[in-house]
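Student:
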Amino acid sequence: MSQIVKTRKFPRALGAFGALAATAAFLVAWNRMPTADRPEYYAFADARAFWGMANFMDVATNAAFIFVGAVGWLRVRRSGQWPGKLAPFGLVLAAATFMTALGSSWFHLSPSIASIFWDRLPMAVGFSALLGLAIADRIDNRAGWWAMLALALISTGSLVAWRLGHGDLRPYYLLQYGGLVFVLGLAVAKPKGEIANVALLTALGLYIVAKVFESADRSVYEATATTISGHSVKHLVAALAVLRLYWPRLREPM
Numbered sequence: 005m006s007q008i009v010k011t012r013k014f015p016r017a018l019g020a021f022g023a024l025a026a027t028a029a030f031l032v033a034w035n036r037m038p039t040a041d042r043p044e045y046y047a048f049a050d051a052r053a054f055w056g057m058a059n060f061m062d063v064a065t066n067a068a069f070i071f072v073g074a075v076g077w078l079r080v081r082r083s084g085q086w087p088g089k090l091a092p093f094g095l096v097l098a099a100a101t102f103m104t105a106l107g108s109s110w111f112h113l114s115p116s117i118a119s120i121f122w123d124r125l126p127m128a129v130g131f132s133a134l135l136g137l138a139i140a141d142r143i144d145n146r147a148g149w150w151a152m153l154a155l156a157l158i159s160t161g162s163l164v165a166w167r168l169g170h171g172d173l174r175p176y177y178l179l180q181y182g183g184l185v186f187v188l189g190l191a192v193a194k195p196k197g198e199i200a201n202v203a204l205l206t207a208l209g210l211y212i213v214a215k216v217f218e219s220a221d222r223s224v225y226e227a228t229a230t231t232i233s234g235h236s237v238k239h240l241v242a243a244l245a246v247l248r249l250y251w252p253r254l255r256e257p258m
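Going left to right, the sequence shown walks through residues 5 to 258 as the working numbering numbers them.
1. I think residue 197 touches residue 141, with their Cβ atoms under 8 Å apart; what is that distance to the nearest whole Å?
2. Tell me the rounded alpha-carbon separation between residue 94 and residue 137.
3. Based on Cα-Cα distance, which residue from 251, 68, 152 and 52 lies nearest to residue 114?
4. Can you check whether the CB of residue 213 is closer than 8 Å to the CB of residue 241?
5. What's the C-alpha gap between residue 176 and residue 226?
6. If you draw a straight line from the C-alpha of residue 74 to the C-alpha of residue 170, how long is it?
7. Quick check on residue 111: does DSSP put it in helix, strand or coil?
8. Go ahead and pull the three-state DSSP assignment for residue 93.
9. Hey, would you say residue 122 sits closer than 8 Å to residue 99, going by beta carbons?
10. In the DSSP assignment, the alpha helix (DSSP H) including residue 175 goes from what residue to what residue?
11. Just checking, does the stretch 162-169 make contact with the stretch 53-60 on the three C-beta pairs under 8 Å criterion?
12. Using 8 Å as the cut-off, can you tell me whether the stretch 125-139 makes contact with the stretch 102-113, which would need three or more C-beta pairs spanning the two stretches below that distance?
13. Classify residue 71 as helix, strand or coil using the three-state DSSP reduction.
14. What are the boundary residues of the alpha helix (DSSP H) that includes residue 217?
15. Quick one: measure Cβ to Cβ for residue 130 and residue 184, integer angstroms, because I've assumed they're closer than 8 Å.
16. Within the same chain, show all residues whose beta-carbon is closer than 8 Å to that of residue 250, passing over the 5 residues directly before and after it, in chain order.
17. Using the Cβ count rule (16 or more neighbours within 10 Å means buried), how would you classify residue 101?
18. Using only CA atoms, which one of 42, 112 and 247 lies nearest to residue 63?
19. For the candidate residues 204, 202, 237 and 230, whose alpha-carbon lies nearest to that of residue 217?
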């Protein structure tokens with residue numbers, strides 16, 4: 005074994021094994037991913053209307069994304085804390101976050117397959133920007149650009165095809181969940197970059213918490229005596245996850 009380790013055969017063998025494992029995981033995940041939304045997905049717990057607005061809380065909590073999108077845009081443009089090579093990724097992510105607020109608000113006003121399309125479209129761009137940002141920061145700037153553009157085109161194209169009745173939601177889910185796993189793995193493998201790992205990993209952790217609240221929509225609504233639902237909390241925590249990438253600073257201790 006010691007002789008193998010001294011050569012390049014061991015790293016190559018490890019890389020090949022990792023590639024095979026990743027391919028196997030991809031195939032298993034692809035076959036298990038939902039191809040469409042469950043009908044009950046559109047039955048949100050908090051359907052209360054205020055000031056003539058249906059599903060008020062699920063709509064209003066999207067204001068958090070407007071705030072975070074604006075903060076992110078201003079910090080990249082004005083604070084001088086973002087390195088020049090990463091600025092485009094930060095701006096795209098901020099713009100996508102802002103547009104997610106509009107798309108999600110439109111969806112929650114009248115939940116349906118037609119309206120959720122406008123919710124998912126900017127989210128797909130946002131996830132593509134996050135992956136591109138991580139790749140540019142930890143691997144190569146040009147690779148990050150190509151990754152962001154390619155993923156944005158593929159994911160939005162697949163959503164358009166799904167909306168027109170062709171294809172399914174698996175590419176979108178793969179980008180979201182597979183992308184998060186990839187960013188996590190990249191943060192572990194290459195912990196040093198312009199974006200501190202503490203910010204990157206905290207953002208990922210907060211997003212996981214947001215998804216937990218989303219899955220516990222009605223349980224949270226009942227536990228809080230119908231004060232706020234899990235889906236509304238999900239909006240707030242997910243916005244906080246994006247904010248963590250911009251605040252308080254990029255260059256902070258591990």
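The beta carbon of each residue, even a glycine, is placed where N, CA and C say it ideally should be.
Tutor: Short version:
1. Correct: roughly 4 Å between the Cβ atoms.
2. Those two C-alpha atoms are separated by around 7 Å.
3. For the residues 251, 68, 152 and 52, the minimum Cα distance to residue 114 belongs to 52.
4. The Cβ atoms of residue 241 and residue 213 sit closer than 8 Å to each other.
5. C-alpha separation (whole angstroms): 31 Å.
6. Residue 74 and residue 170 have their C-alpha atoms spaced approximately 35 Å apart.
7. In this structure, residue 111 counts as helix in the three-state DSSP scheme.
8. DSSP places residue 93 in helix when its eight states are reduced to three.
9. The answer is no: Cβ separation not under 8 Å.
10. Run containing residue 175: 174-177, per the alpha helix (DSSP H) assignment.
11. Contact between the stretch 162-169 and the stretch 53-60 is absent: fewer than three C-beta pairs spanning the two stretches fall below 8 Å.
12. Counting Cβ pairs under 8 Å, three or more are found: they touch.
13. Of the three classes helix, strand and coil, the one that applies to residue 71 here is helix, per DSSP.
14. Residues 201-219.
15. So it is not a contact: roughly 12 Å between Cβ atoms.
16. Excluding sequence neighbours, residue 250 sits near 72, 75, 76, 79, 80, 94 and 98.
17. By the neighbour-count rule (16 or more Cβ atoms within 10 Å), residue 101 is buried.
18. Of the candidates 42, 112 and 247, the residue whose Cα lies closest to the Cα of residue 63 is 112.
19. Ranking the options by Cα distance to residue 217, first place goes to 237.
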